[in-house]
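Q:
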Amino acid sequence: MNIVCLPVEKTVHRAWLRKPVAREAFDLFREGLKRLFGRIDQGESEEHLKRIIADFLTEVWYRDVGEINTKERADLVIHAGRSSRDPVAVIIETKHPANAAEMISAARPNAKALHELILYYLRERTAGNLGLTRLIACNIYEWYIFDAAEFDRYFYSDKGLVRQYHDWEGNRLSSARTDAFYGEILRPFLERSDIELTCTHIDLRPCEALVRNPTAGGDGKLLPLFILFSPPHLLKLPFANDSNTLNREFYNELLHIIGLEEIREGGRKLIGRKPDGKRDEGALLENAINVLKIRGCLPAAETTTPEPESEGDADERIFSAALELCITWINRVLFLKLLEGRLVAWNDGDDRHAFLRPDALQNFDGLEELFFEVLAVRPEERRGSVAEKFRFVPYLNSSLFEETDLERETVHIADLKGRLELPLYGGTVLKDETGKRREGFLSAPAYLLGFLDAYDFSGEGAGGVRETPRTIINASVLGLIFEKINGYREGSFFTPGFITMYICRETLRRAVAEKFRTDMPGMKNVRTFTDLKERLDPSDPEARKTANALIESLTVCDPAVGSGHFLVSALNEIIAVKGELGILCYRDGARVKEYAVGVENDELLVTDRDDERPFAYRLNKNGRPIEPLQRLQEALFHEKRTLIEQGLFGVDINPKSVAICRLRLWIELLKHAYYTKESGYARLETLPNIDINIKCGNSLISRFALAGGDDVLPADRARLKVLAGRYRGKVLLYKLHPANKALLRREIENMKEELQAFSLPTDAEEKLLRKLENDLAQTLFDFDREGAEKRTGIQVRTAELRRRIDEKKRTVYRAAFEWRYEFPEVLDENGRFVGFDCVIGNPPYVRQEMLGSAFKAYARSRYEVYHGVSDLYAYFFELGVAVLREGGYFSIIVANKWMRANYGAPLRKWLREQGLELVVDFGALPIFPEATAYPCIVRLRKGSKR
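Using the working numbering, you'd call the opening residue of the sequence shown number 802 and step up by one each time.
Have a look at this one:
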């Protein structure tokens, strides 16, 4: 057997390396380690040294976590709770430093210390303890820490060894002595086995100087040890900050500031306006509602929502408009808070970049000024006082800071009453000078900015020791919070990070392999991503260039995009794929070799290959770039920009969701924004116009068929080809040139209207209308009475058809989404719809009772999977496959009721004709927090008849 010794950075969960550690806790560790060294006396017994180790672990970490004591013959154990009656989680075997004969080492693994650990492990496991996490052999200086899963795999799962153990333990062998078990059973077993045990190995002796004489870099060298010995690692505590885990404290207080609350109704958690008697006049929502009513700004129904059912009465429309305004304003503030955190971190903690401090912006006018006179204006064009006050705030070119249609029609944030205050939330995060929870009242701007300042928006993954670490709020958490707010009517069932990560990994890697198989010479035999890794030569510059271009041509769509979680996961996975294939490049084309790129905890993780430390961009103390960090930051920004611009697309019926999804993608770019050489490293690279890839509409309803182009006359085909080329060019121009956005938007809309002439209607009445219009044209030159009567009859029929079609446009087609031409990236050069490489997502869970008669009538005529009582998600199967290209991959998570319910019969029949590859049925497992849902994952490949 062999032992493979790994450094700490290679074995601890990298998510823990990215979490900041409180200075107070770290100093306790440093002092504990200092005391440990001070108490070591090699003349003392092994029992004495054992006590030192127990005291060290207890005083620093485990006093309130797990009891540390002896158990039977085991030197030390750490229990999973504070009582010795709690199960054992960690077994520690201690040896005296002078007892080299019994202590294990990489050169001599088959030693008594390992034999003892195996015996104690077998005793715990055969007694029914399934909660063992780690096994440790140490001599106070050197520590060998094993994962209990390896002992299970190599020892407990070996039936022969376990049988011998039971025979020995039951006194059925010639000797019942422990030494006989070690020497006659375990030693020979290990000698003849090819087991390769992996462990973490550390030697504390080099740390003694660091704790006795602290240096500037000492914290960074000791920090991995702090994490190694801590309960999260040794006890394998779950990493609570899943990328899509709700931070309840943040969420509840933010709802309070907005003026909302969460209620439970029929097993669902819904969000609504606080009831009468609990409303706060100073809350953002109440303030906005009041101003809308006073000014009589009743928004047009189509401005606030595309859903005909929600037009409602005036109060409901005012509430919806006020909520949308609040979300717009909060979106901007949160984006700016993330920007502020990044700026401070990138500039060595320089507080001059903290432009959202409560003392710097004290009213709504200040926020309005920041939105429209700073973020929306280039620095050289800002007026004097604004330019000076916000000189460190960059221009980013985000449409987030353009006046929305709803603002233009109703009110701005500066129109709210700034004198109004609201009471602090009962569980507020705000503290007074003595550290006690604050009480009293604050104005909404002061409260909001003070509340946000109590959290850490500086970046995910910086780690390190911080004087007063605050709870980290990342982009995923923010997206989740607003997804819940958007779903206030139905209750929002957000997708856990491990689900999006799994779906994106499994789907995109298959799509990448398929792309190479069909489009790259020499790759015809590639069937899997593993095949691709084996065949692709990343050292060949031309092959690398071709491979990058192929991956960047991949198109991914989420037809019910929500807050954009799936698209963000897809973005991270594609970059990880490039990293794994070895083709991720700097801007000059050189390979990124020094850093490992992967996805962990549904987040993109970039680490130094040498020391496993997370990558963190920053300037030096003189405000100049650090060359290796600058190169990688620029590379990651442009990778993300290219992939978002060219390959990520989303549609949602809810305009609030569309706004939030766009925000999420901007934030992903913001994470890797960089200071430009052209500006003397004083200004950030501006963001592209990526909003055009995320569109608002009802994915399931279209007036025009996806087919089109082959059925037009040859002369018209030439016109269509030219129009498609111009359309594609205008969209690209929109993304690249921020200055002409308004003009380009108008030109793009005009081109889409032109494309309608080449599109085939799906509606039977529209088809008939086109036919009658052609017939009418042919009667124009019939001047006899028969021709006139025929013409009159056709005109009467066309007038009635137009009336009925116009009515449909106001109802069923009101939010129709035209896949045929909305995304030029999936049209070929002749203007024909080709489709996406991947369609992924989590369609909305809407019961059939809520679908309405107009939608059901449309679905009956449009979808093969239609059933009168089908829930909404069933139609996303057929829609998703329809917008896929041949050979493309479709994967979604949906309720599993279709597998058994009567309404699933048409869907099951339809699926049998498709390329169904995988169904993962979770049964009753609680995949969705706070939701009683029984989900499954479905994956299929279009055109593959399995």
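Beta carbons: idealized from backbone N, C-alpha and C, even for Gly.
Between Val1459, Asn1499, Thr1408 and Arg815, which lies nearest to asparagine 1132 when the distance is taken from Cα to Cα?
A: With distances taken between Cα atoms, asparagine 1132 lies closest to Val1459.
Q: If you draw a straight line from the C-alpha of lysine 1037 to the C-alpha of glycine 1705, how long is it?
A: Distance between the alpha carbons of lysine 1037 and glycine 1705: 42 Å.
Q: Checking 9 Å against the spacing of the C-beta atoms, do serine 1503 and histidine 1366 come in under that value?
A: Their beta carbons are not under 9 Å apart, which means serine 1503 does not touch histidine 1366 by this criterion.
Q: If I'm right that leucine 1061 touches isoleucine 1072 with Cβ under 8 Å, what's the distance once you round it to whole angstroms?
A: Right, their Cβ atoms sit about 5 Å apart.
Q: Taking its Cβ as the centre, do 16 or more other Cβ atoms sit within 10 Å of alanine 1558, making it buried, or is it exposed?
A: Label assigned to alanine 1558: exposed.
Q: Note down the Cα distance separating lysine 1346 from isoleucine 1375, rounded to an integer number of angstroms.
A: So the alpha carbons of these two residues sit roughly 16 Å apart.
Q: Pick out whichever of Arg1013, Leu1035 and Asp876 has its Cα sitting closest to the Cα of alanine 950.
A: Comparing Cα positions, the closest option is Leu1035.
Q: Can you find the residues in the same chain that come closer than 8 Å, C-beta to C-beta, to arginine 1709, ignoring five residues on each side of it along the sequence?
A: Cβ within range, chain order: Trp1699 and Met1700.
Q: Roughly how many whole angstroms lie between the Cα atoms of glycine 1642 and glycine 1383?
A: Cα to Cα, glycine 1642 sits roughly 28 Å from glycine 1383.
Q: Can the beta-carbon of lysine 1553 be found less than 9 Å from the beta-carbon of tyrosine 1614?
A: In this structure, tyrosine 1614 does not lie closer than 9 Å to lysine 1553 by Cβ.
Q: Between which two residues does the alpha helix (DSSP H) carrying glycine 961 extend?
A: Unbroken alpha helix (DSSP H) run through glycine 961: 960-970.
Q: To which residues does DSSP link cysteine 1639 through a beta bridge?
A: Beta-bridge pairing links cysteine 1639 to Val1357 and Tyr1690.
Q: What does a CB cutoff of less than 7 Å around glutamate 1103 pick up in its chain, not counting 5 residues either side in sequence?
A: Here the model assigns glutamate 1103 a pLDDT of 49, short of 50, so the residue's position is not dependable and the matter cannot be decided.
Q: Per the contact definition of three or more C-beta pairs closer than 8 Å, is the region 1080-1088 in contact with the region 1233-1248?
A: As far as the Cβ criterion goes, the region 1233-1248 touches the region 1080-1088, which means the pair count is three or higher.
Q: From alanine 938 to isoleucine 869, what does the alpha carbon distance come to, in whole angstroms?
A: Computed Cα separation, rounded: 15 Å.
Q: Determine, using beta carbons only, whether leucine 931 and isoleucine 892 come nearer to each other than 9 Å.
A: No, they are not a contact pair.
Q: Applying the criterion that 16 or more other CB atoms from any shown protein chain within 10 Å of the CB defines a buried residue, is isoleucine 1427 buried or exposed?
A: Isoleucine 1427 should be labelled exposed.
Q: If you drop the 5 nearest sequence neighbours on each side, which residues of the same chain put their C-beta closer than 7 Å to that of proline 1159?
A: The answer, listed in chain order, is Ala1247, Leu1250, Gly1251 and Asp1254.
Q: What does DSSP give as the partner residues of isoleucine 1003 in its beta bridges?
A: Answer is Trp944.
Q: Using only the alpha-carbon positions, how far apart do phenylalanine 827 and isoleucine 853 sit?
A: One C-alpha to the other measures close to 19 Å.
Q: Within the same chain, show all residues whose beta-carbon is closer than 7 Å to that of glycine 1744, passing over the 5 residues directly before and after it, in chain order.
A: Same-chain partners within the cutoff: Glu1687, Gly1688 and Gly1716.
Q: Please tell me whether isoleucine 1282 and leucine 1437 are closer than 9 Å, where the distance is taken between their beta carbons.
A: Cβ atoms of isoleucine 1282 and leucine 1437: not closer than 9 Å.
Q: Considering only the beta carbon of each residue, do valine 1357 and cysteine 1008 sit closer than 9 Å?
A: Not in contact: valine 1357 and cysteine 1008 (Cβ atoms no closer than 9 Å).
Q: Does the Cβ-Cβ distance between tyrosine 1667 and leucine 1501 come in under 9 Å?
A: Contact: no.
Q: Taking the straight line between their C-alpha atoms, what separation do you get for glycine 1167 and leucine 1135?
A: So the two alpha carbons sit approximately 15 Å from each other.
Q: In the structure shown, what three-state DSSP assignment does threonine 895 receive?
A: Threonine 895: strand per DSSP, three-state reduction.
Q: Which residues in the same chain have their Cβ closer than 6 Å to the Cβ of arginine 973, if we skip the five residues on either side of it in sequence?
A: Closer than 6 Å at Cβ, skipping near neighbours: no residue.
Q: Report the rounded CA-to-CA distance for glutamate 860 versus valine 866, giving the unit in angstroms.
A: Between glutamate 860 and valine 866, the C-alpha separation is close to 11 Å.
Q: Assuming arginine 1310 contacts valine 1378 under a Cβ cut-off of 8 Å, what Cβ separation, rounded to an integer in Å, is found between them?
A: About 6 Å separates the two Cβ atoms, so the contact holds.
Q: Measuring alpha carbon to alpha carbon, tell me which of Leu1430, Tyr1664, Gln1434 and Ser885 ends up nearest tyrosine 863.
A: Comparing Cα-Cα distances from tyrosine 863 to each of Leu1430, Tyr1664, Gln1434 and Ser885, the minimum goes to Ser885.
Q: Going by DSSP in three states, serine 1200 sits in which element: helix, strand or coil?
A: Looking at serine 1200 - three-state DSSP - the assignment turns out to be helix.
Q: Would leucine 1507 and tryptophan 1620 qualify as a contact pair, given that the criterion is a beta-carbon distance under 9 Å?
A: Yes; because the gap between Cβ atoms is below 9 Å, this pair is in contact.
Q: Quick check on DSSP: helix, strand or coil for arginine 978?
A: Three-state result, arginine 978: coil.
Q: Under the DSSP definition of a beta bridge, which residues are partnered with phenylalanine 1242?
A: Answer by DSSP bridge pairing, in chain order: Pro1224.
Q: Could you pull the DSSP bridge partners for serine 875 from this structure?
A: One point to set straight first is that residue 875 is alanine, not serine, in the sequence displayed. Answer by DSSP bridge pairing, in chain order: Lys872.
Q: Sorted by chain position, which residues of the same chain lie with C-beta nearer than 6 Å to glutamate 1174's C-beta, five sequence neighbours on each side aside?
A: Result list for glutamate 1174: Val1187, in chain order.
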